[in-house]
Amino acid sequence: MRFRPNLVIFGGEPYAEDGWRNLRIGNTYFSSLGGCNRCQMINFYQQTGQVKKTNEPLATLASYRRVKGKILFGILLRYDPGNKARLDTNSWLKVGDEVHSNSE
20 MRFRPNLVIF
30 GGEPYAEDGW
40 RNLRIGNTYF
50 SSLGGCNRCQ
60 MINFYQQTGQ
70 VKKTNEPLAT
80 LASYRRVKGK
90 ILFGILLRYD
100 PGNKARLDTN
110 SWLKVGDEVH
120 SNSE
């Protein structure tokens, strides 16, 4: 997997995460820290460490995913127990957990 995400969420509209401010997965809460900036690392062949001559996939992302001059793909999340989690609540994520977002 070229982008190596920590979480992959299926369903919803493309790039819906751009508007997420808070996220709940199962009983675990997260806050968005904003978009994930992309750099040249995604253009390297993972097996050899050589740079691709085509500058892909960064060139394609750059053609339509620029925000304030930065190339974005995905978001950064921070664990946020806040007042919503009790101390005795385990914060485990499981495949199939429901995902709820609180957009702007």
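In terms of my numbering, the sequence shown is residues 20 to 123. Glycine included, every Cβ here is placed at the ideal spot set by N, Cα and C.
Between residue i and residue j, what straight-line distance do the alpha-carbon atoms span, to the nearest angstrom?
{"i": "residue 28", "j": "residue 83", "result": "21 Å"}
{"i": "residue 32", "j": "residue 49", "result": "20 Å"}
{"i": "residue 90", "j": "residue 81", "result": "6 Å"}
{"i": "residue 42", "j": "residue 70", "result": "35 Å"}
{"i": "residue 51", "j": "residue 40", "result": "5 Å"}
{"i": "residue 98", "j": "residue 120", "result": "14 Å"}
{"i": "residue 30", "j": "residue 67", "result": "33 Å"}
{"i": "residue 85", "j": "residue 114", "result": "31 Å"}
Report buried or exposed for residue i, applying the criterion of at least 16 other Cβ atoms within 10 angstroms of its Cβ.
{"i": "residue 111", "result": "exposed"}
{"i": "residue 26", "result": "exposed"}
{"i": "residue 47", "result": "buried"}
Quick one: measure Cβ to Cβ for residue i and residue j, integer angstroms, because I've assumed they're closer than 8 Å.
{"i": "residue 74", "j": "residue 56", "result": "That belief does not hold up - the Cβ atoms of residue 74 and residue 56 are roughly 17 Å apart, past 8 Å."}
{"i": "residue 77", "j": "residue 59", "result": "7 Å"}
Within the same chain, show all residues whose beta-carbon is closer than 8 Å to that of residue i, passing over the 5 residues directly before and after it, in chain order.
{"i": "residue 94", "result": "36, 37, 39, 51, 52, 53, 54 and 55"}
Tell me which same chain residues have a C-beta within less than 7 Å of the C-beta of residue i, skipping the five on either side of it?
{"i": "residue 44", "result": "112, 116 and 118"}
{"i": "residue 101", "result": "48"}
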